[in-house]
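Contents: one structure, followed by commentary.
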Amino acid sequence: MSRSPLPPVPAGRQDIDVDVDVLFGSVPSRQLDASLEAAAALHAKHRIRRGLVCSLRGALFDACSGNDETRKAGEREALVPVGAVDVRDALTAETEIGRLASSGVRLLRLFPPEQWVEPDSPGLAHVVDVAVAHGMVLLTSGDFSRFWRPFAGRGARVCFLDVHAYRVADFVVLARREPGFVASTRMLCGPDSIERIAGEVGAHHLAYGSRAPLHDVWSSALRLRTAGLDEQAWRQVAGGTATAWLADPA
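According to our numbering, the sequence shown is numbered sequentially starting from 1.
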């Protein structure tokens with residue numbers, strides 16, 4: 001059986017400016033090279049210029065030392081540091097958010113499912129409030145249908161990193177009244193998922209993410225490059241949304 005040909009990539013779409021979903025560190029449960037070097041090699045191979053990077057140590061073991069590791073990684077030209085906190089200890093998290101903000105870190109990544117935190121956790125709501133008060137942009141993992149609620153009605157600028165193609169309509173309905181809600185494109189693999197969100201609420205509600213080097217980059221990059229968007233919308237998704245986070249402290 002012959003395979004269907006790959007869709008052509010329009011001219012001018014080879015370079016993706018920002019990947020909002022990059023992790024690095026040890027992954028004991030998988031035989032996987034998740035080093036900064038591995039992430040950088042994947043970005044170079046797939047022509048991705050910059051990455052918003054977060055330490056797995058900060059997410060899963062120790063936020064303080066992990067964040068120090070991330071800030072050091074951010075000294076590399078193509079990497080932007082993203083802080084992490086342990087939402088299970090909201091009191092320590094509020095102190096760490098203050099330390100991150102004072103050192104110039106403007107992005108905070110939350111890991112509720114990985115830290116076994118439920119959507120209705122008081123600690124999660126408090127961490128979101130503290131981060132918003134510091135003008136930080138949030139990036140969060142978790143099923144969008146469960147984890148949208150602690151971010152709604154708080155004026156949060158938040159990128160949901162795990163919005164699935166099956167949740168497009170739910171995301172659009174919420175994004176209509178939440179101007180700061182953004183969906184990563186990583187799991188928007190449906191034939192019209194990216195296009196539908198852009199058409200309904202605007203391309204500024206989308207940002208490219210790959211989860212390199214833990215996940216495949218080729219498929220997410222190809223899906224974005226062949227998306228049915230005009231050039232202005234495509235540039236917005238491929239880097240404009242994330243660039244605005246870094247340029248505007250709000």
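Ideal Cβ placement from N, Cα and C applies to all residues, glycine included. Please read all numbers here as calculations on a predicted model, not as lab measurements.
Review point. How would you call A44, buried or exposed, if buried means at least 16 neighbouring beta carbons within 10 angstroms?
Key: Taking the first residue of the sequence shown as position 1, residue 44 is located at position 44. By the 10 Å Cβ count, A44 comes out exposed.
Check your understanding: Where does P150 fall in DSSP's three states?
Key -> Taking the first residue of the sequence shown as position 1, residue 150 is located at position 150. P150: helix per DSSP, three-state reduction.
Practice item. Only counting runs of 4 or more residues, tell me where the alpha helix (DSSP H) segments fall wholly within the stretch 1-71, in order along the chain. Key: 36-45, 56-60
Practice item. Count the CB pairs spanning the stretch 124-141 and the stretch 82-98 that are closer than 8 Å, and state whether there are at least three. Key: yes
Check your understanding: In whole angstroms, what is the alpha-carbon distance linking R256 and E37?
Key -> Limits of the chain in this structure are 1 at one end and 250 at the other, which puts residue 256 out of reach.
**Study point:** Integer-rounded CB distance, given that L174 should sit under 8 Å from G209
**Key:** Looking up residue 209 in the sequence shown gives position 209. Looking up residue 174 in the sequence shown gives position 174. About 18 Å; that fails the 8 Å criterion.
Exercise for review: Pull up the CB-CB distance for V22 and A242, whole angstroms please, since I reckon it's below 8 Å.
Suggested key: On the sequence shown, residue 22 is found 22 positions in, with the first residue counted as 1. On the sequence shown, residue 242 is found 242 positions in, with the first residue counted as 1. Their Cβ separation, rounded to whole angstroms, is 11 Å, which puts V22 and A242 out of contact at 8 Å.
Check your understanding: Exposed or buried, D86, counting other C-beta atoms within 10 Å across all chains shown (16 or more means buried)?
Key -> As a first step, residue 86 is located in the sequence shown; it is residue number 86 there, counting from the start. Answer is buried; the Cβ neighbour count reaches 16.
Check your understanding: So is L32 buried or exposed if we call it buried at 16+ other beta carbons inside 10 Å?
Key -> To locate residue 32, count along the sequence shown from 1; it is residue 32. With fewer than 16 Cβ atoms within 10 Å of its Cβ, L32 is classed as exposed.
Check your understanding: In terms of residues, what are the limits of the beta strand (DSSP E) holding T140?
Key -> Looking up residue 140 in the sequence shown gives position 140. Looking at the DSSP string, the run of the beta strand (DSSP E) that includes T140 is 137-140.
**Study point:** Residue range of the alpha helix (DSSP H) that includes P122
**Key:** Within the sequence shown, the letter at position 122 stands for residue 122. Per DSSP, P122 belongs to the alpha helix (DSSP H) from 122-133.
Review point. Does the beta-carbon of R146 have 16 or more other beta-carbons within 10 angstroms, so that it is buried, or is it exposed?
Key: Indexing the sequence shown from 1 puts residue 146 at position 146. Classification of R146: exposed, given that the 10 Å Cβ count is below 16.
Check your understanding: For G98, which of helix, strand or coil comes out of DSSP?
Key -> Translated into positions along the sequence shown, residue 98 becomes position 98. Looking at G98 - three-state DSSP - the assignment turns out to be helix.
Review point. How big is the Cα-Cα spacing for R149 and G12?
Key: Walking along the sequence shown from the start, residue 149 turns up at place 149. Walking along the sequence shown from the start, residue 12 turns up at place 12. Distance between the alpha carbons of R149 and G12: 38 Å.
**Study point:** Pairwise C-alpha distance: A90 and I48
**Key:** What you label residue 48 is simply residue 48 of the sequence shown in a count that begins at 1. What you label residue 90 is simply residue 90 of the sequence shown in a count that begins at 1. Distance between the alpha carbons of I48 and A90: 35 Å.
Check your understanding: Helix, strand or coil: how does DSSP classify A244 here?
Key -> Taking the first residue of the sequence shown as position 1, residue 244 is located at position 244. Correct three-state label for A244: helix.
Check your understanding: Do three or more CB pairs link the stretch 185-195 to the stretch 151-171 at distances below 8 Å?
Key -> yes
Practice item. Let me know if S35 comes out buried or exposed under the rule of 16 or more other beta-carbons within 10 Å of its beta-carbon. Key: As a working mapping, residue 35 is identified with position 35 in the sequence shown. So S35 ends up on the exposed side.
Exercise for review: Decide yes or no for the touch test of the stretch 220-237 against the stretch 54-61: beta carbon pairs closer than 8 Å, at least 3 of them.
Suggested key: no
Check your understanding: With 16 other CB atoms within 10 Å as the buried threshold, where does S219 fall?
Key -> Residue numbering aside, residue 219 sits at position 219 when the sequence shown is read from its first letter. By the neighbour-count rule (16 or more Cβ atoms within 10 Å), S219 is not buried but exposed.
Review point. When the Cα atoms are used, what is the spatial distance from R176 to G240?
Key: Position 176 of the sequence shown holds residue 176. Position 240 of the sequence shown holds residue 240. One C-alpha to the other measures close to 20 Å.
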